[in-house]
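The sequence shown begins at 5 in this note's numbering and counts up one residue at a time.
Yeah, the Cβ is synthetic: ideal placement off N, Cα and C, and Gly gets one too.
Computed from a predicted structure; not experimentally measured.
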Amino acid sequence: MLVTPDIDRRNRRSSRWLAGLVTIVVTSVCLGQSAIHWQNLIGYIPWCLVVGVAFGLGTYWLSRRKCRRRLRVMNRPFPNEWEEILKTRVDFYNALNEFDQDRFRKLVQIFLAEVRVTGIRTDIDDTIRLLVASSAVIPIFGFHDWDYSRLSEVLVYPDAFNDEYQTDGEDRRILGLTGLASLSGVMILSKPALLAGYNGAFAKENVGIHEFAHLVEQQAESHGLPVEVPHDTVRQWIAFVARELKDPQHSRAHINEYGYTNEHEFFAVLTEYFFKSPDSLKHRDPVLYDMLRQIFHQDPASLFGHAHRSPTH
Ligand SMILES: [Zn+2]
């Protein structure tokens, strides 16, 4: 989430209220304890006030900390090399207008400041970091007050891996994994698969976007939907997916069959498709496209269409 002047103002106001409340409560508790010694109560008042104010200031600092840190990160210059990587690798970024590109860059900066990207038995560079961050930003670009609050680290593996997280054992078919249970707060991505999602190797697949779509769904289930997502559309989506998984329609054979594993994979696979080849999805299944357009609060078919037309204007 970006810190707009309005969000900063609201955070400052709520922090002041919280700090005031903490000051009053702590001072009162302190005085209550001191009241046991009534004869000394007057002498305790200044001390209790000092303790209360100290707690209040601490609360204000804690409550403002995230917002201030993000403002500092957003105000840092965006390195030219990073911009070059986005321009050469990320079609979505190139399709945005200048204002939205600025928003995208700031979201990337915030993501990389708050989530570690670590290579496991493999080197990672700015390209990998930028592609991980782009995969995170693309699905949530239509939301204005939403964070990957449960994610702390993305591990980048040198290749596909198996159920034991081995990249050199048998049955290595996993390209990405979003943490559950013991892996909570961690995502794993295969480096070659991540790169392939951005080099035009696949028409509808992007493992980075796929895994972040899982996170969006998990977080929305436990913390509530982003405000931009209409509840009716989600109800419509859930009913549609249940019907489709039970009785797959022949006309939807263009959807990667892995999506038919369960409702979560269906959502993640369709999210990749929606952002990778929106024109194709819209053309083949306009109703399905429209549901995803409302869920993500984005219209990538128009975005890419506009970007592709603009050079002739
Ligand atoms: Zn998946």
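Proximity of residue i and residue j at Cβ, strictly below 9 Å
| i | j | result |
| --- | --- | --- |
| S156 | R120 | yes |
| F300 | D283 | no |
| F278 | H218 | no |
| D163 | S194 | yes |
| R72 | L6 | no |
| R93 | Y202 | yes |
| T31 | G56 | yes |
| T122 | L159 | yes |
| I114 | V77 | yes |
| R109 | E87 | yes |
| V273 | N260 | yes |
| F145 | L111 | yes |
| R288 | H310 | no |
Helix, strand or coil at residue i according to DSSP, with G and I counted as helix
| i | result |
| --- | --- |
| I178 | strand |
| F165 | strand |
| L193 | strand |
| L159 | strand |
| M5 | coil |
| E344 | Nothing in the structure corresponds to residue 344, since the chain is present only between 5 and 317. |
| L239 | Residue identity differs from the one stated: residue 239 is Arg in this sequence, not Leu. Helix at R239. |
| V283 | The sequence as given places Asp at residue 283; Val does not occur at that position. D283: helix per DSSP, three-state reduction. |
| Q302 | coil |
| K208 | coil |
| F108 | helix |
| G173 | coil |
| Y152 | coil |
| S188 | coil |
| H258 | coil |
| Y202 | coil |
| F308 | helix |
Cβ neighbours of residue i in the same chain (closer than 6 Å, five flanking residues each side left out)
| i | result |
| --- | --- |
| F165 | T171, R176 and I178 |
| K286 | Y293 and A305 |
| E209 | E276 |
| P315 | Per-residue confidence for P315 stands at a pLDDT of 43, beneath the threshold of 50, marking its modelled position as unreliable; the derived number appears in the next sentence. Excluding positions up to five away in sequence, the list is empty. |
| P230 | F147 and W150 |
| T8 | none |
| D303 | R297 |
Residue closest to residue i, alpha-carbon to alpha-carbon, out of the options
| i | options | result |
| --- | --- | --- |
| V141 | R107, D163 and T182 | R107 |
| P196 | E118, H148, F59 and T126 | T126 |
| R2 | Q240, Q298, E221 and D289 | Not covered by the structure: residue 2. The range shown for the chain is 5 to 317. |
| S255 | N266, P290 and W241 | P290 |
| H227 | G212, Y152 and I89 | Y152 |
| W21 | R68, T8 and D10 | R68 |
| T182 | H310, W241, G204 and E215 | E215 |
| W65 | R16, F145, P143 and R239 | R16 |
| N266 | L249, K280 and A257 | L249 |
| F211 | F59, V233, G180 and E168 | Residue 211 is actually Val in this sequence, not Phe. Here the closest residue by C-alpha is G180. |
| I192 | E225, F145 and V136 | V136 |
| G60 | R239, V26, I242 and R80 | V26 |
Close-in-space but distant-in-sequence residues of the same chain around residue i (CB under 8 Å, 5 per side omitted)
| i | result |
| --- | --- |
| L35 | L45, Y48, I49 and C52 |
| E269 | Y262 and G263 |
| E174 | N166 |
Boundaries (first-last residue) of the beta strand (DSSP E) holding residue i
| i | result |
| --- | --- |
| L66 | Element bounds for L66: not the beta strand (DSSP E) but the alpha helix (DSSP H), L45 to N79. |
Range covered by the alpha helix (DSSP H) that runs through residue i
| i | result |
| --- | --- |
| V231 | Premise fails: V231 is in no alpha helix (DSSP H) and is neither H nor E. |
| V119 | Here V119 belongs to no alpha helix (DSSP H), and DSSP marks it neither H nor E. |
| D251 | Per DSSP, D251 belongs to no alpha helix (DSSP H) and is neither H nor E. |
| E276 | E267 to K280 |
| A39 | Here A39 belongs to no alpha helix (DSSP H), and DSSP marks it neither H nor E. |
| R133 | D130 to I144 |
| A99 | D95 to A99 |
Cutoff 7 Å; reference residue i; Cβ partners in own chain excluding five residues on either side
| i | result |
| --- | --- |
| F206 | A200 |
| P234 | Q298 |
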